[in-house]
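Since the structure comes first, as structure tokens, the remarks are kept for the end.
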Amino acid sequence: MDTHDRYSQYDRTKRTPLRPLRLLLAAATAALTLTAALTTPLNPAPQQARAAEDGKDVLTVAVAQSVDSLSPFLATRLVSTSIHRLMYEYLTNYDPKDNHAVPGLATKWEPSSDKLTWTYTIRDNSKWSDGKQATAEDAAWTFNKMMTDDGAATANGSFVANFRKVSAPSPTKLVIELKKPQATMAALDVPIVPKHVWENVGDFSKFNNDKTFPIVGNGPFVITDYAPDSFVRLKANTSFWRGAPKFDELVFRYYKDQDAAVAALRKGEVSFVAGAPALTPAQAASLKGEENIKVNDAPGRRFYALATNPGARAKNGEKFGDGHESLLDQKVRQALFMAVDRKTIIDKVFQGHAVEGEGYIPPRFSTYHWKPTDGQKLSYDPDKASQLLDQAGYKKNADGKRVGKDGKPINYRILCHATDPQDKAVGKYLQEWWGELGIGVTLNCLDNVTDPWLAGEYDLAFDGWSVNPDPDFVLSIHTCAALPATPKDTGATDNFICDKQYDELYEKQLAEYDPAKRADLVKQMESRLYDTGYMNVMAYPNAVEAYRTDQIESIMTMPQDAGNIYGQDGYWGWWSATPAADGEAASEESSSAGVIIGIVAGIVVLAGAGAFFTMRRRATAEDRE
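Whatever position you read off the sequence shown (first residue = 1), add 2 for the numbering used here.
Spelled out as structure tokens, the structure:
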């Protein structure tokens with residue numbers, strides 16, 4: 003499923019039953035006057051990506067996702083979780099050079115000798131944007147709420163599944179007691195929220211944190227305005243403990259049409275284009291060499307995969323959905339993946355802006371990256387794939403069509419994202435390759451893939467996740483514990499995988515503190531996932547994005563040597579971004595702002611005959627962090 007972007011989101015250990023997700027916000031009609039340059043309601047975008055009033059430096063980011071929720075307890079999309087990293091501090095952060103844990107809200111963290119009690123020292127120089135001090139009590143309340151309220155555990159509940167008790171003996175001391183050792187205690191990617199604001203919330207499963215602005219936070223930015231499916235506006239937090247950003251405002255503007263976003267970058271109406279989640283090869287090529295535009299093309303943190311429906315089921319044992327029965331056979335799954343030419347996908351679809359996929363963790367994370375052995379690798383071999391299908395009992399009829407146990411020709415439905423050209427391009431190749439095996443393929447390209455996915459009403463689906471420096475979350479979404487409690491519930495599972503051997507390895511890696519031994523266990527998990535054939539990682543796409551150098555003088559990538567800007571494991575890119583000194587977007591520096599960061603707010607209005615409407619996308623794994 004996204005996400006990304008969930009994904010994304012996402013970097014968690016989901017091991018608790020979760021209540022149904024009801025995260026989608028109602029579509030909103032919006033038309034905002036942004037600058038004096040507006041002449042008609044059908045042209046809401048400014049002529050330059052900067053505010054025309056008050057001499058502010060504004061950075062505008064065009065994104066291909068709309069926010070699913072501004073509540074950090076509910077959000078799963080990459081754009082949403084990226085924004086939460088700007089709004090709220092986490093206990094720890096990741097160093098942009100090498101991904102090691104660095105101080106966030108906590109200045110240090112120490113385990114007891116038995117590794118069952120962790121003590122965090124909370125900094126005394128972090129304040130909420132309403133002026134109140136951020137304390138250990140805020141962190142303890144955040145974790146305890148997730149431990150006791152299923153609604154509050156929707157997005158990040160996995161992090162507290164192994165917590166026995168959380169307390170705050172003093173404003174600068176946080177104590178977390180565990181049920182058993184857990185190696186991810188320096189990678190608790192949970193936004194810490196202000197207790198005095200959130201303790202008044204009623205139903206956490208429905209509260210989207212989008213009614214009162216500015217939203218109280220203690221990160222480098224503060225949200226000041228928001229329109230669903232349109233934009234999020236943030237201003238620099240001048241009292242941020244690490245130092246204020248250099249832009250006054252930061253705006254994430256949603257574009258359903260990625261070509262339109264690229265066109266806006268050319269015109270200077272936006273400062274940065276992120277893509278969905280990357281620019282297409284054609285878009286990147288068209289921007290290279292253009293004056294005042296820089297294309298960032300670097301190894302990404304995502305994988306691009308094809309996931310099979312292994313038979314949707316819930317923890318209570320009840321089966322649901324309508325996945326094709328043939329996909330329950332390991333030989334069939336492996337045969338399908340042996341009929342996928344990854345090299346062609348890299349060369350023809352990604353046009354070299356990706357690396358051929360193998361293991362579950364991208365090569366960017368070298369500690370955990372795994373490759374199959376020569377004898378294990380499911381290389382492109384259509385003849386052998388055909389033999390495996392014959393051995394599994396799915397032979398061709400007189401018309402050359404493979405037939406199922408019901409005697410009907412096999413035709414697989416593949417869920418794909420309607421707005422992703424790569425899904426559609428790969429899908430056409432699958433129709434060709436699998437057609438040669440005698441198998442039909444129907445591409446089910448939808449704006450909303452979430453509903454059929456959660457219902458188990460698919461055969462295969464294009465899948466992808468952003469992987470964090472600690473891979474625990476993307477490993478956890480394939481455990482039996484991640485299944486929904488009942489068919490009516492929504493679990494943390496990606497695509498209903500439940501394998502005892504995999505689960506045993508997962509529990510071992512979670513409790514292993516020796517880095518080398520833990521990495522070996524993670525690689526064993528990847529090997530198991532590869533052999534079972536549930537996930538076919540076809541590619542590791544590059545992070546391909548672009549920005550205007552006449553608006554952004556410098557900006558930090560992660561990793562710094564060669565990495566991404568959008569969707570980082572932290573806030574480094576937007577926090578470090580420096581306004582261009584003499585470009586069209588440069589404006590007079592505010593005498594009282596110090597070093598301030600920001601992005602111009604804007605909206606995308608899809609219009610016809612003078613009518614405005616906004617389109618809504620549901621969260622899918624492709625979108626998650």
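Every residue, glycine too, gets a C-beta built ideally from N, C-alpha and C.
Item, Value
"Going by CA-CA distance only, name the one from Ile178, Thr121, Asp132, Ser128 that's closest to Met149.", "Ile178"
"Taking the beta carbon of Glu528 as the centre, do at least 16 other beta carbons fall within 10 Å, making it buried, or is it exposed?", "buried"
"Alpha carbon to alpha carbon, what distance is there between Val195 and Phe123?", "Per the sequence shown, the amino acid found at residue 123 is Thr instead of Phe. Going from the Cα of Thr123 to the Cα of Val195 covers about 17 Å."
"Which one or two residues does DSSP pair with Thr121 in a beta bridge?", "Glu112, Val177"
"Are the segment 443–454 and the segment 342–353 touching, with three or more C-beta to C-beta distances below 8 Å?", "no"
"Please report how far the alpha carbon of Gln389 lies from the alpha carbon of Gly458, in whole angstroms.", "29 Å"
"Return helix, strand or coil for Gln570, following the three-state DSSP convention.", "coil"
"Could you pull the start and end residues of the alpha helix (DSSP H) that Trp200 belongs to?", "197–200"
"Need the endpoints of the alpha helix (DSSP H) that Cys390 sits in, please.", "Note that residue 390 corresponds to Leu in the displayed sequence, not to Cys. Start and end: 384–393."
"Under 8 Å by Cβ, that's how I've got Val65 and Tyr256 pegged, so tell me the actual separation to the nearest angstrom.", "6 Å"
"Taking 8 Å as the limit between beta carbons, can you name the residues of its chain near Pro384, skipping five residues before and five after?", "Met340, Ala341, Trp435, Glu438, Leu439"
"Helix, strand or coil for Lys321? Go by DSSP, reduced to three states.", "strand"
"Could you pull the start and end residues of the beta strand (DSSP E) that Ala548 belongs to?", "537–550"
"What is the DSSP secondary structure of Pro581, reduced to helix, strand or coil?", "strand"
"Drop a sphere of 10 angstroms on the beta-carbon of Leu77, count the other beta-carbons inside from all chains shown, and report buried for 16 or more, exposed for fewer.", "Here residue 77 is Ala; the residue named in the question, Leu, does not match the sequence. It is buried - the Cβ of Ala77 has at least 16 other Cβ atoms within 10 Å."
"Rounded to a whole number of angstroms, what is the C-alpha to C-alpha distance between Phe242 and Lys58?", "19 Å"
"Where do the ends of the beta strand (DSSP E) carrying Lys237 lie?", "233–238"
"If you measure between the beta carbons of Tyr504 and Thr481, is that distance less than 9 Å?", "yes"
"What number of angstroms, rounded off, separates the C-alpha of Glu506 from the C-alpha of Ala163?", "17 Å"
"Would you check if the distance between the CB atom of Tyr96 and the CB atom of Pro301 is smaller than 9 Å?", "no"
"Tell me the rounded alpha-carbon separation between Arg244 and Asp126.", "12 Å"
"Report the residue from Phe475, Pro74, Thr214, Pro364 whose alpha carbon sits nearest the alpha carbon of Pro193.", "Pro74"
"By how many angstroms is the C-alpha of Val253 removed from the C-alpha of Ile554?", "14 Å"
"Along the chain, where does the alpha helix (DSSP H) that runs through Arg366 open and close?", "Taken as a continuous stretch (DSSP letters only), Arg366 belongs to no alpha helix (DSSP H), as it is neither H nor E."
"List the DSSP bridge partners of Tyr2.", "No answer is possible for residue 2: it lies beyond the span of the chain, which begins at 3 and ends at 627."
"Based on the DSSP output, what are the partners of Glu251 in its beta bridges?", "Val60, Lys237"
"Would you mind reading off the limits of the alpha helix (DSSP H) that contains Arg530?", "517–534"
"Along the alpha helix (DSSP H) that carries Lys147, what are the first and last residues, could you check?", "138–150"
"Look at Ser169 and Ala188 and say whether their C-beta atoms are less than 9 Å apart.", "no"
"From this set, Asp132, Gly406, Trp574, which residue's C-alpha is nearest His326's C-alpha?", "Gly406"
"Do the segment 107–117 and the segment 482–490 touch if we need at least three Cβ pairs shorter than 8 Å?", "no"
"So Ser169 is in the alpha helix (DSSP H); what residue range does that whole segment cover?", "Run containing Ser169: none in the alpha helix (DSSP H); it sits in the beta strand (DSSP E), 165–172."
"Based on DSSP bridge pairs, tell me the residues matched to His419.", "Leu448"
"What is the DSSP secondary structure of Lys502, reduced to helix, strand or coil?", "helix"
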